[in-house]
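To start, the structure itself, in C-alpha cells.
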Amino acid sequence: MENLKLTQPHDTFFKRLFSNEKNIKDFLISFLPEKLKQSLDLNTIKVIDTEKISKRYKRHHLDLVVECKTSKEKGRKAQIYILFEHKSYADRFTLIQILSYMTTI
Numbered sequence: 002m003e004n005l006k007l008t009q010p011h012d013t014f015f016k017r018l019f020s021n022e023k024n025i026k027d028f029l030i031s032f033l034p035e036k037l038k039q040s041l042d043l044n045t046i047k048v049i050d051t052e053k054i055s056k057r058y059k060r061h062h063l064d065l066v067v068e069c070k071t072s073k074e075k076g077r078k079a080q081i082y083i084l085f086e087h088k089s090y091a092d093r094f095t096l097i098q099i100l101s102y103m104t105t106i
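In the numbering used here, the protein residues as written are 2 to 106.
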C-alpha cells in the first residue's frame, strides 16, 4: 500500500467531520444561542456546494456552507455560514481574509 501524506491534516479532519449533516446539527445544538436554535428547523440541515465565483470571476472554495429552513417563517430558507480558519502563526491579514469570504458569499 502506498504511503499517503496528508498536507493539511487539520483541514482534512474538519471537512470530513462536518461533511456529515448529523455532526453539523449536533454542533449547532451545542453551540448556538437558544433563541437562534428556536428560530431554525435543524432537521432540514443540508450541506450545499461551497464553490463560489466572485464578481471578478475568481473561484473560491469555502470550508462549509449549510442551508436550513427557519421554523417560524413558514419554511423560508436560511443559510448558516460557518467558518473555521486555523492559523499556525499570527496573521495580521486574517480579518481581511474573512471579509473576502463574506463578500464572496
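Every residue, glycine too, gets a C-beta built ideally from N, C-alpha and C.
Range of the contiguous alpha helix (DSSP H) that encloses Lys-26 | Taking the sequence shown and counting its residues from 1, one reaches residue 26 at position 25. In this chain, the alpha helix (DSSP H) harbouring Lys-26 covers 22–32.
Inter-residue Cα distance where the pair is Val-67 and Lys-88 | The sequence position of residue 67 within the sequence shown is 66, counting from 1. The sequence position of residue 88 within the sequence shown is 87, counting from 1. If you take the alpha carbons of Val-67 and Lys-88, they lie about 23 Å apart.
Expressed to the nearest angstrom, what Euclidean distance is found between the alpha-carbon atoms of Asp-42 and Ile-97?
-> Counted from its first residue, the sequence shown places residue 42 at position 41. Counted from its first residue, the sequence shown places residue 97 at position 96. Asp-42 and Ile-97: Cα-Cα distance of roughly 32 Å.
Quick one: using the 10 Å Cβ neighbour count with 16 as the cut-off for buried, is Ile-99 buried or exposed?
-> Mapped onto the sequence shown, residue 99 falls at position 98. It is exposed - the Cβ of Ile-99 has fewer than 16 other Cβ atoms within 10 Å.
What is the DSSP secondary structure of Leu-65, reduced to helix, strand or coil?
-> Reading the sequence shown from its first residue, position 64 is the one you call residue 65. Coil, per DSSP.
Exposed unless 16 or more other CB atoms sit within 10 angstroms - verdict on Ile-25 = Along the sequence shown, read from residue 1 onward, the residue named residue 25 stands at position 24. Counting Cβ neighbours within 10 Å, Ile-25 comes out buried, since at least 16 surround it.
Have a look at Ile-1 and Thr-71 and give me their C-alpha separation to the nearest angstrom.
-> This structure cannot settle anything about residue 1, because the visible part of the chain is limited to 2 through 106.
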